[in-house]
Amino acid sequence: VRVQTTGDFLPELAFLWIIASAVIKITYKRQIQAEAQAAQATETAEAESLKRQVVEARMAAMQAQVEPHFLFNTLASIDHLIETDSARASKMQKNLIALLRASMPSLRETQTGAVRDLGRELAVVRPYLEILKVRMEERLHTLIDVPDGLLSAEFPPMMLQSLVENAIKHGLEPKAEGGQLTVSAEIVHGKLAVTVADTGLGFGKAATNGTGIGLSNIRERLALLYGSKASLNVAETPGGGTSVTITVPYAARTEPEPAAAAPKQTT
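This is how it looks when you write it as structure tokens:
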């Protein structure tokens, strides 16, 4: 017969208590760390969301400043042409309607960080250039060289139009003889590269303000949308002028949005 008393279990109970305490402490510590990491991740996400909203609001504000000025000038030109050249007035009016129809969805989608396809962005740029060609006449020549296969490629809204507006306002319009603006797109190392090049005065040489602000906003939007996978590069073109290229990851939309765009158009 073996007699056991309560004291015989004390060492084992103490050992189990130490093990249980250690497990509880480790579990609690990991829970605290997980909660801290979750809180930090939430704070970071909120900060990124706030930063995105600030950049998008800045882009929308900048666009809101550009659109009325351009719209009023175009309406004034149409009003003048109605009395002097009704055919050109009608052409400008049709292009203005096409521009407004194509650009209004872009303004809304810019607010939400949406991504459209390159074809729809060209649908905004084409009538815009046609309107400017009526105003600038022989001082403006354009070349749009975008393959049909790239029209369905995803591209952020309003960025292409902003580059075109910059090229006209700061490069070609201030130049007495004007020049040519070229919009092209290609696949480079698996990414979509869209370039707006002009033969104007050159970056920073025009007596106008705001060139760098627009490009800075585009860089911020690209960083928020793609991180380090996208870029914006500015270079001088041979013989004068500026070339700006936006490079984003290439992805084709499964259902490309309609855009009446020829692969290559020179005027």
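Using our numbering, the first residue of the sequence shown is number 6, and each one after it goes up by one. Every residue gets a Cβ at the ideal spot worked out from N, C-alpha and C, and that includes glycine.
Straight-line measurement puts the Cα of serine 189 at about 5 Å from the Cα of threonine 200. In this chain, the alpha helix (DSSP H) harbouring serine 167 covers 164-172. Put simply, of Leu123, Ala128, Lys174 and Lys96 the residue whose alpha carbon is nearest the alpha carbon of isoleucine 136 is Lys96. Pairwise C-beta distances place the segment 148-158 in contact with the segment 247-258, as three or more of them are shorter than 8 Å. Apart from the 5 residues on each side of it in sequence, glutamate 126 sits with its Cβ closer than 6 Å to the Cβ of Phe160 and Leu165 in its chain, given in chain order. Counting along the chain, glutamate 241 sits inside the beta strand (DSSP E) bounded by residues 236-241. Secondary structure at lysine 180: coil, using DSSP grouped into helix, strand and coil. Ranking Ile102, Glu143 and Arg144 by CA distance to the CA of arginine 131 puts Ile102 first. As a beta-bridge residue in DSSP terms, valine 201 pairs with Val188 and Val249. In the three-state reduction of the DSSP assignment, proline 152 falls in the coil class. Judged by DSSP secondary structure, tyrosine 255 falls outside any alpha helix (DSSP H); it is assigned neither H nor E.
Per DSSP, reduced to three states, the secondary structure at histidine 146 is strand.
Judged by pairs of C-beta atoms under 8 Å, the segment 189-198 does not touch the segment 221-231, as fewer than three such pairs exist. Look at aspartate 90 here: in three-state DSSP terms it is coil, with no helix or strand label.
The Cβ neighbour count for glycine 184, taken over all protein chains shown within 10 Å, is at least 16; the residue is labelled buried.
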